[in-house]
Every structure is written in C-alpha cells, then in structure tokens.
Amino acid sequence: MVKKECRNIFILGRPGCGKSELYRRLTPRLKEEGFAQEFVRVDDFPKLWNVFVNDKNFRRCKPTEDGGYKVTDPKVWDDILKEVNRDVKKLDKAGRIIFIEFSRSNYVHSLKNFDKGILNKSLIVYIDCSFETCWKRNVRRHETVLAAGVDNHLVPREEMEETYLHDDKDELLRFGEESKIPIVVVNTDYEGKAHYKGIVERITKAIKNFKRKHG
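This note's numbering numbers the first residue of the sequence shown as 339 and each following residue consecutively.
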C-alpha cells in the first residue's frame, strides 16, 4: 500500500466560529507530534477582497452603503476556491500541512472545486457554532479593531443571514462517508477558550488514525 499522509486540513464553519483560534492552538500540537514541521494557511477571503477592489465596473459585486461590498455574481464563490485549489497544489510538499479555511452554505458543492488528489490527502474539520454566537463574535471583533484605530468592514446582519444562517452539514457528513474523507465535527459554541484543548486532542487523534489507516 502506498503511504498517504494527511497533507491538508480543511477548516469549515461560519465567520466567527473560531477557525483562526483553532489554527493557532492546533499547529504547535501537530508539530509536537511530528506530523509536520511547516504549517501554511490558505484563506479564501483575501481572494474575495481582491475581486471586490478590482471589479471597477461592478460586474461581479456592488458597493454597499456601509462601505463594504456584496457579491452579485454567484460564480465568484467557486472561482475563488478554484484559485485556492491551485495554491494548494503549488504549496504541497512532504513535511508540510496546509490549512484550507472558508465559510459557505453549500460545503459539498464547494469541495468539488478541489482536485481529488487534494481531497484524498485531507482531513475535514467542521466547526459547529450557532449563527447567533458567530454574529456576536463578529460584532465584538469589529468593535475591538475599531477601538484600536483600524477601520474594517462588518458584514451586515441581513447579508450574514442570507449567506450563512443555514448550511449543508448533514450532506457534508454523508459526502465524507461516501468519499472516505475523514470529518471531525467540533463545537465552539462556548465562551472562553478552555474547550479548545479537547478539540485539539480530538483532531490530533483523527490525524493519527489517518496515518494508521493509510500509512
């Protein structure tokens, strides 16, 4: 059997669910276990922002009254994930784990933008956190950044609800089972950070099982 490493970790969940916090806490643990020496994050948001600022004729988005932007061409969401897919292929190498982070309502559809070669070497972490908790965290983060003198854009609640209120979690779990891609569901719907310790250990165990199964 050809040895197959876990080279990619997809972190999926609503904005504000704790993707960045999980990355910060998980990487030193994985390094300690010897799973990799390098860790790279690929986030689709910078690519989305690039679409916003370069769409001078507003063919794919439009400015909003609060100074932000709204996507008007749904194909944008797939196009930027195709860019992420290309980035991951270029970054792939032994001894490196790539974290791929994004938020969508249709994860099964979104994952089909990635090559099978990438998915076959991946673990998916779905962060289960309620819309209300995520919304409060986004507002709090926005206010903290503003207080520090940095202007940033808070997505209006109406748009957040339209895009992220519901997702296809159940379909995602079936997709993982059918595709034999391991999925770990974690819950961050708590105050504080203490719960991350158990989450990190669960993911670490899942990667050990991945190596045991495919190594």
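Glycine is no exception: its CB is placed at the ideal position from the N, C-alpha and C atoms.
Quantities reported herein were computed from a predicted structural model and do not represent experimental measurements.
Residue i, DSSP secondary structure in three states
i, result
"Leu429", "helix"
"Ile436", "strand"
"Asn346", "strand"
"Glu499", "helix"
"Asn444", "coil"
"Met339", "Any answer about Met339 is weak, because its pLDDT of 39 lies below 50 and its placement is not dependable; what the coordinates show is given next. Looking at Met339 - three-state DSSP - the assignment turns out to be coil, as it is neither helix nor strand."
"Pro384", "helix"
"Ala544", "helix"
"Ile519", "coil"
"Asp417", "helix"
"Arg352", "coil"
"Phe513", "helix"
"Pro494", "coil"
Cutoff 6 Å; reference residue i; Cβ partners in own chain excluding five residues on either side
i, result
"Glu509", "Val446"
"Asp381", "Glu439"
"Thr365", "Phe377"
"Gly354", "Cys472, Arg475 and Asn476"
"Val340", "Model confidence at Val340 stands at a pLDDT of 43, short of 50, so the residue's coordinates are unreliable; what they give is reported in the following sentence. Around Val340: no qualifying Cβ."
"Leu350", "Tyr445 and Tyr464"
Cβ distance (whole Å) where residue i is taken to contact residue j below 8 Å
i, j, result
"Leu457", "Leu449", "7 Å"
"Asp416", "Asn451", "6 Å"
"Ile521", "Leu511", "6 Å"
"Phe469", "Leu503", "5 Å"
Contacting residues, own chain, Cβ-Cβ under 7 Å from residue i (five flanking each side not counted)
i, result
"Arg495", "Trp473"
"Val555", "Because residue 555 is not part of the residues shown, which for the chain are 339 to 553, the question remains open."
"Asp393", "Cys399"
Residues sharing a beta bridge with residue i, DSSP
i, result
"Asn379", "The question names Asn, but residue 379 in the sequence shown is Arg. Answer is Phe437, bridged to Arg379."
"Val409", "Cys399"
"Asn525", "Asp466"
Same chain, Cβ closer than 8 Å to residue i, neighbours up to 5 away in sequence not counted
i, result
"Ala374", "Leu368, Gly433, Arg434 and Ile435"
Residue i Cβ short of 6 Å to the ligand NAD heavy atom set
i, result
"Pro494", "In the structure shown, the ligand NAD is absent, as is every other ligand, since no ligand is present at all."
If you scan the region 447-480 from start to end, which runs of the beta strand (DSSP E) of 3 or more residues do you find wholly inside it?
Correct list: 460-466.
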